[in-house]
Amino acid sequence: MPFGEIVCGSPGSGKSTYCFGKHQLFTALKRPISIVNLDPANETLPYPCAIDISSLITLQDVMDKHGLGPNGGMLYCMEYLEANFDWLEDRLKELGNDAYVLFDLPGQVELSTNHESVKNIVDKLTKNSFRLAAVHLCDAHYITDASKYISVLLLSLRAMLQLELPHINVLSKIDLLSQYGDLDFNLDFYTEVQDLSYLENTLSNSLPPRFTALNMAMISLIEDYGLVGFETLAVEDKNSMLNLTRVIDKATGYIFVPPPNTEQPPGTIIDEDAGPISRPNIYGLLSSAIGPMKTPGSDVRDVQERWIDAKEEYDAFEKREWRKEGEMVRDMAARAGKIRERKGPGEAMDISPS
Ligand SMILES: Nc1nc2c(ncn2[C@@H]2O[C@H](COP(=O)(O)OP(=O)(O)OP(=O)(O)O)[C@@H](O)[C@H]2O)c(=O)[nH]1
Ligand SMILES: [Mg+2]
1 MPFGEIVCGS
11 PGSGKSTYCF
21 GKHQLFTALK
31 RPISIVNLDP
41 ANETLPYPCA
51 IDISSLITLQ
61 DVMDKHGLGP
71 NGGMLYCMEY
81 LEANFDWLED
91 RLKELGNDAY
101 VLFDLPGQVE
111 LSTNHESVKN
121 IVDKLTKNSF
131 RLAAVHLCDA
141 HYITDASKYI
151 SVLLLSLRAM
161 LQLELPHINV
171 LSKIDLLSQY
181 GDLDFNLDFY
191 TEVQDLSYLE
201 NTLSNSLPPR
211 FTALNMAMIS
221 LIEDYGLVGF
231 ETLAVEDKNS
241 MLNLTRVIDK
251 ATGYIFVPPP
261 NTEQPPGTII
271 DEDAGPISRP
281 NIYGLLSSAI
291 GPMKTPGSDV
301 RDVQERWIDA
311 KEEYDAFEKR
321 EWRKEGEMVR
331 DMAARAGKIR
341 ERKGPGEAMD
351 ISPS
């Protein structure tokens, strides 16, 4: 059964970068992954693309041929893809039943909030036994302003109601958040969407009084649904990516068990005689998949400490660790060179760290 993610969100929220980051992570973990570019305006793709909508239709062609602007052209492209769904279906079949597919959507938010084509495509994929989750990226800097935060909440809620998929909202670029000044509340206030009435004062101070009632109505609408919450993401941080991956796997029910005799990721103990504590217990994977999340970065207070409260200290610590790692790799390469000189070409070398 193929699994996948519908990666959506406003322009520049980091969708394509996330797809690329996930491709790198999964390749390192030896997990299957294929990326489908559904943005007909994406001319340079950062990631290796398995299926590209540009081979079906491009935004430029639509604009030239039908005299449409970029937004109208984009809607046309999506309607065209919906009408030619068999084109996508045939190519997805070629990826096989075990495929894990990321669909990189265009940044026009109406595609995932109002317009029907993406919704219809998603429905068809689900009928084709795809197990999908929507991953909705929102730039984290929106939480630094109360009215922008409300608009992001409304946008996320609208996308959840429209797509009707297991839905994960993500505050992307969390590593940049400290650049935008102090937050009014701790990060968990925003990620857990706690009592929004605390925003009333800030909203009333920054907007004319006649908007107060409207603000409060929007706040109570969001609270009445009680659906919206956020994960966080810094795409270059391995723990952050792993944590988000775990959340998405939980939402879709995906459990990765490497096929027997496959090459294991670096660091895996493959000694058959090693005790059960040292080896992955594939029979225990289900219980760990449904168990509580206790990975680094799964607690929003850790995220706040890493990226807001003590960002400079952590950055300096990471730099030191990377330098040490670099020195170790250089030492190992130098040792390997010396051994090669001593033994001559073609002989076995042991270059494991001493
Ligand atoms: N610091 C930082 N920058 C990021 C992160 N994710 C994305 N970016 C940057 O944000 C910018 C926009 O990223 P894209 O991946 O092109 O965003 P997109 O959502 O695909 O944009 P559209 O396709 O135009 O809607 C790029 O310059 C990325 O390098 C992140 O986690 N941290
Ligand atoms: Mg993009």
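Reminder that position 45 of the sequence shown reads as 45 in UniProt numbering, one-by-one numbering, no gaps.
A virtual CB, placed ideally from N, CA and C, is assigned to each residue, including glycine.
Just the Cα atoms here: how many angstroms apart are residue i and residue j?
i: residue 334; j: residue 341; result: 11 Å
i: residue 298; j: residue 66; result: 48 Å
i: residue 211; j: residue 203; result: 9 Å
i: residue 130; j: residue 46; result: 25 Å
i: residue 308; j: residue 22; result: 24 Å
i: residue 319; j: residue 325; result: 10 Å
i: residue 48; j: residue 57; result: 19 Å
i: residue 40; j: residue 106; result: 8 Å
i: residue 9; j: residue 158; result: 12 Å
i: residue 327; j: residue 337; result: 15 Å
i: residue 64; j: residue 73; result: 9 Å
i: residue 88; j: residue 126; result: 13 Å
i: residue 24; j: residue 14; result: 15 Å
i: residue 62; j: residue 75; result: 10 Å
i: residue 32; j: residue 94; result: 14 Å
i: residue 252; j: residue 1; result: 11 Å
i: residue 354; j: residue 96; result: With a pLDDT of 45 at residue 354, under the threshold of 50, the modelled position of this residue cannot be trusted; read the value that follows with caution. In a straight line, the C-alpha of residue 354 is about 43 Å away from that of residue 96.
i: residue 239; j: residue 246; result: 10 Å
i: residue 322; j: residue 36; result: 33 Å
i: residue 182; j: residue 250; result: 33 Å
i: residue 314; j: residue 185; result: 22 Å
i: residue 209; j: residue 221; result: 20 Å
Following the continuous beta strand (DSSP E) through residue i, name the residue where it begins and the one where it ends.
i: residue 135; result: 131-139
i: residue 4; result: 3-9
i: residue 100; result: 100-104
i: residue 37; result: 34-37
Are the beta-carbon atoms belonging to residue i and residue j less than 9 Å from one another?
i: residue 355; j: residue 232; result: Any answer about residue 355 is impossible in this case: the structure gives the chain only from 1 up to 354.
i: residue 139; j: residue 12; result: yes
i: residue 54; j: residue 101; result: no
i: residue 167; j: residue 133; result: yes
i: residue 70; j: residue 81; result: no
i: residue 92; j: residue 128; result: yes
i: residue 3; j: residue 99; result: yes
i: residue 78; j: residue 117; result: yes
i: residue 235; j: residue 156; result: no
i: residue 160; j: residue 227; result: yes
i: residue 177; j: residue 141; result: yes
i: residue 153; j: residue 119; result: no
i: residue 256; j: residue 29; result: yes
i: residue 175; j: residue 343; result: no
i: residue 103; j: residue 248; result: no
i: residue 207; j: residue 215; result: yes
If we cut at 9 Å on Cβ distances, does residue i have a partner in chain B?
i: residue 135; result: The chain labelled as chain B is not found in the depicted structure, where only one protein chain is given.
Taking residue i as the reference, give the member of the options with the closest Cα.
i: residue 258; options: 154, 108, 26, 5; result: 26
i: residue 148; options: 112, 79, 239, 199; result: 199
i: residue 123; options: 215, 165, 330; result: 165
i: residue 223; options: 75, 206, 193; result: 193
i: residue 190; options: 253, 150, 160, 207; result: 150
i: residue 303; options: 241, 42, 62, 24; result: 241
i: residue 137; options: 184, 329, 244; result: 244
i: residue 229; options: 51, 238, 321, 143; result: 143
Return the first residue and the last residue of the alpha helix (DSSP H) that residue i is part of.
i: residue 170; result: Element bounds for residue 170: not the alpha helix (DSSP H) but the beta strand (DSSP E), 167-172.
i: residue 109; result: No alpha helix (DSSP H) contains residue 109, which DSSP labels as neither H nor E.
i: residue 326; result: 311-343
i: residue 179; result: Premise fails: residue 179 is in no alpha helix (DSSP H) and is neither H nor E.
Exercise. Listed by chain order, which residues have C-beta atoms less than 5 Å from any heavy atom of ligand 2?
Worked result: 15, 16
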